[in-house]
Amino acid sequence: MARGLAGNPAAPLDVLLRLLDDHAEAVPAAFRRRAALPPAVVAAATRHPVARVRGALAANPHVDPAIRLRLADDPEHRVVELVREDPGLALPDRAFMRSVDRLLGYFRRGLMTPTELRGEVIDLGTRDRRAVRSIATHPEPLVRAAAVDLLGSVHETSREQLREVLLHDDVPEVRAATAHFFAERERAQEPADLPGNGYAYRGMLSDLRLAPALIEYVLADRDGRQGADAMATNPTLPPEVVEALLGHPSADVRCGLARRDDLTSSQLARLAADPDVSVRTAVSVHPALSEVDRAAIDIDLTTAPWDRRTGLCWHHRSVLPPPPLPPLAESVRIASSVNPLLRRRAAVDPRLPADVVAALADDPDPDVRTLLAHHHPAAPPDLLLRVFREYEHRRCDRYRLLALPNFPTAALARFADDQDPAVRRLVAHDPQADPALIDRLTHDPDAAVRQAMAVCPRLPVDRIVELLGHAELAEAAAANPSLPVHVMRKRVASPSP
-9 MARGLAGNPA APLDVLLRLL DDHAEAVPAA FRRRAALPPA VVAAATRHPV
41 ARVRGALAAN PHVDPAIRLR LADDPEHRVV ELVREDPGLA LPDRAFMRSV
91 DRLLGYFRRG LMTPTELRGE VIDLGTRDRR AVRSIATHPE PLVRAAAVDL
141 LGSVHETSRE QLREVLLHDD VPEVRAATAH FFAERERAQE PADLPGNGYA
191 YRGMLSDLRL APALIEYVLA DRDGRQGADA MATNPTLPPE VVEALLGHPS
241 ADVRCGLARR DDLTSSQLAR LAADPDVSVR TAVSVHPALS EVDRAAIDID
291 LTTAPWDRRT GLCWHHRSVL PPPPLPPLAE SVRIASSVNP LLRRRAAVDP
341 RLPADVVAAL ADDPDPDVRT LLAHHHPAAP PDLLLRVFRE YEHRRCDRYR
391 LLALPNFPTA ALARFADDQD PAVRRLVAHD PQADPALIDR LTHDPDAAVR
441 QAMAVCPRLP VDRIVELLGH AELAEAAAAN PSLPVHVMRK RVASPSP
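Position one of the sequence shown corresponds to residue -9 (our numbering), numbered consecutively onward.
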């Protein structure tokens, strides 16, 4: 029940402070997601002795960013990590220093070799590009030398700045490592240069200049690692090799070719008529094709690879920057494409004008509608409700739609007997729902529906108080903003609220 009180938006200041003092273990789960916390509570939580309480503020996106950034100096490493988990925060270099220093401490105690230290530092910078600058300017030369391998992952402007810093480093070994890194990127790679790591192997084949001997080695698949599909996207690949790969037996290789910008019209036509539908689907979005060309290609949307520009994996909080949006005119143009994959790309552009939004809101492709609902601030209310009810996009979190300002609340009570429990839960959001109906749904067969009704402010007060004694629904009832304040105070004063 204490967890419910901690999340109750109507809980007064004294109740929240009492929870922090006497029941701190119940606070973090609620404080992580509360949209509003009184300043006095925030101040008390930031200096609370329990690290999980401080961590709840660090992870709460609604807390003032300046306060969360101060928690980047917290003595508890996990609190600092929670601050760093928000990719939208512009973190200072010191937010990563402690992680680097911890690794350096292991090395100095003999628990890591220099190679292992380098690998761990590179892993840190790979997982969060914001760490690269602090790595490149760290006082320890071994750490700065590791930054060289991270330069390829940062923005070109930052890369050039850091390149100059490292090329003029005080330590000769760092300068040499930096010069070697850039020289290697200019040199044609040979078979002997192939790394053992699978990601590095594919990265080399797709990004660096390849010597003829290495191209032949990969085509012959002498080591059994099948890197030809990665090599097919390499922009430096000679034209004659690109032409030869059009006849490669692997559809994955031909799909890789379909992503190249330098394909000739005859090569595009050949891929558009490929016997494998995944290849035809991959090439169908090529920018050099006309809409007439696209309409003539037989595709299968289920074979399309996941597109980072349109993915809806909300459970995965990436610290990678989102792909840049194309010019608005380009988004508007592809919004009317015959190809649903291109319309999906357009649907994630929040700048689309009203007429384009209206057209995409009624698109025959469910993924177009879902992406528009999640990304455009002016997505129509009926679209938001439709997407929520149909739940067509299996990778998305439908409940995020409820927080959008355009999500409709009127007449949701009509879904009280819907077969989908998630849709029945919408009744709790209807400001005109009959209290008797809310009460009835506290007996719903689905536990999530029962909990949603227990926290609904239109539930009769006597029923809310009654549910405080219900093992399953006590926490939800305690979070109900219609719970009388005197009851909150009485409960929080008890030894086990």
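Note that beta-carbon positions come from the ideal geometry of N, C-alpha and C, so glycine has one too.
Note that the structure is predicted; figures quoted are calculated from it, not measured.
Option nearest residue i by Cα separation, candidates the options
i, options, result
"E462", "P471, H476, V475 and D434", "D434"
"H319", "V346, L236, T271 and N(-2)", "Here residue 319 is Ala; the residue named in the question, His, does not match the sequence. Among V346, L236, T271 and N(-2), the Cα nearest to that of A319 belongs to V346."
"N224", "A234, E206, G193 and Q216", "G193"
"A401", "S274, L394 and D424", "D424"
"T226", "L200, R212 and V208", "L200"
"D357", "P343, L291, L392 and P395", "L291"
"P265", "V275, I287 and L253", "I287"
"E150", "P104, A137, V161 and D160", "A137"
"G214", "G186, L198 and E15", "G186"
"H38", "L198, D12 and R24", "D12"
"G188", "D211, R175, F171 and G217", "G217"
"D452", "D429, E281 and Q441", "D429"
"P447", "G459, P421 and A464", "P421"
"R333", "P314, P313 and T360", "T360"
"I324", "P313, S280, H364 and A344", "S280"
"L114", "R415, S89 and A126", "S89"
"D372", "T399, D355, P354 and H365", "T399"
"A466", "P367, V69, V164 and T432", "T432"
"G237", "V269, R117 and R212", "V269"
"D159", "A126, A178, H145 and L184", "A126"
"L315", "R260, R341 and S255", "R341"
"S124", "V144, R84 and D408", "R84"
"H145", "R119, E163, A166 and P129", "R119"
"L364", "D353, A344, Y191 and D339", "Correcting the residue type first, residue 364 is His in the shown sequence and not Leu. Here the closest residue by C-alpha is D339."
"F397", "L331, V5 and R379", "R379"
"P367", "P395, L(-5) and V267", "P395"
"R108", "P28, L235 and R134", "R134"
"D355", "G(-6), P295 and P330", "P330"
"R60", "T36, V164 and T293", "T36"
"F97", "E130, L258 and V69", "E130"
Whole-number beta carbon distance between residue j and residue i, since they are thought to touch under 8 Å
i, j, result
"A438", "P471", "Going by Cβ atoms, the distance from A438 to P471 rounds to 19 Å, so no, they are not a contact pair."
"V32", "L10", "V32 to L10, Cβ: 11 Å. No contact."
"L157", "T168", "5 Å"
"D283", "A262", "7 Å"
"P77", "A62", "With a Cβ gap of about 14 Å, P77 and A62 do not count as contacting."
"V43", "A14", "6 Å"
"L141", "L152", "6 Å"
"P181", "A203", "6 Å"
"V122", "L93", "Going by Cβ atoms, the distance from V122 to L93 rounds to 15 Å, so no, they are not a contact pair."
"V73", "R58", "6 Å"
"L247", "A278", "L247 to A278, Cβ: 13 Å. No contact."
"P7", "A30", "One point to set straight first is that residue 7 is Leu, not Pro, in the sequence displayed. Contact flag correct, Cβ pair sits at about 7 Å."
"R249", "A272", "7 Å"
"S321", "A336", "5 Å"
"M221", "S240", "Actually they are not in contact, since the Cβ atoms of M221 and S240 sit about 11 Å apart, beyond 8 Å."
"A16", "A(-8)", "3 Å"
"L391", "V377", "6 Å"
"L457", "A442", "In fact, because the Cβ distance is near 13 Å, the residues do not count as touching under 8 Å."
One or two residues paired with residue i in a DSSP bridge
i, result
"Q179", "L200"
Residue i Cβ short of 8 Å to the ligand FAD heavy atom set
i, result
"L(-5)", "This structure does not include the ligand FAD; it has no bound ligands of any sort."
Beta carbon proximity, residue i to chain D, threshold 9 Å
i, result
"H128", "No chain D is present in this structure, which holds just one protein chain."
What residue ranges within the region 443 to 487 form continuous beta strand (DSSP E) runs of no fewer than 3 residues, ordered along the chain? none
Please go through the region 5 to 85 and give each complete alpha helix (DSSP H) segment of 4 or more residues, from N-terminal end onward. 18 to 21, 29 to 36, 41 to 49, 55 to 60 and 67 to 74
Within the region 376 to 432, ranges of the alpha helix (DSSP H) (whole runs, at least 4 residues): 411 to 414 and 425 to 431
Complete beta strand (DSSP E) runs within the region 93 to 160 (minimum length 3 residues, chain order): none
Pairing CB atoms from the region 103 to 113 with CB atoms from the region 64 to 78, are three or more of them under 8 Å? no
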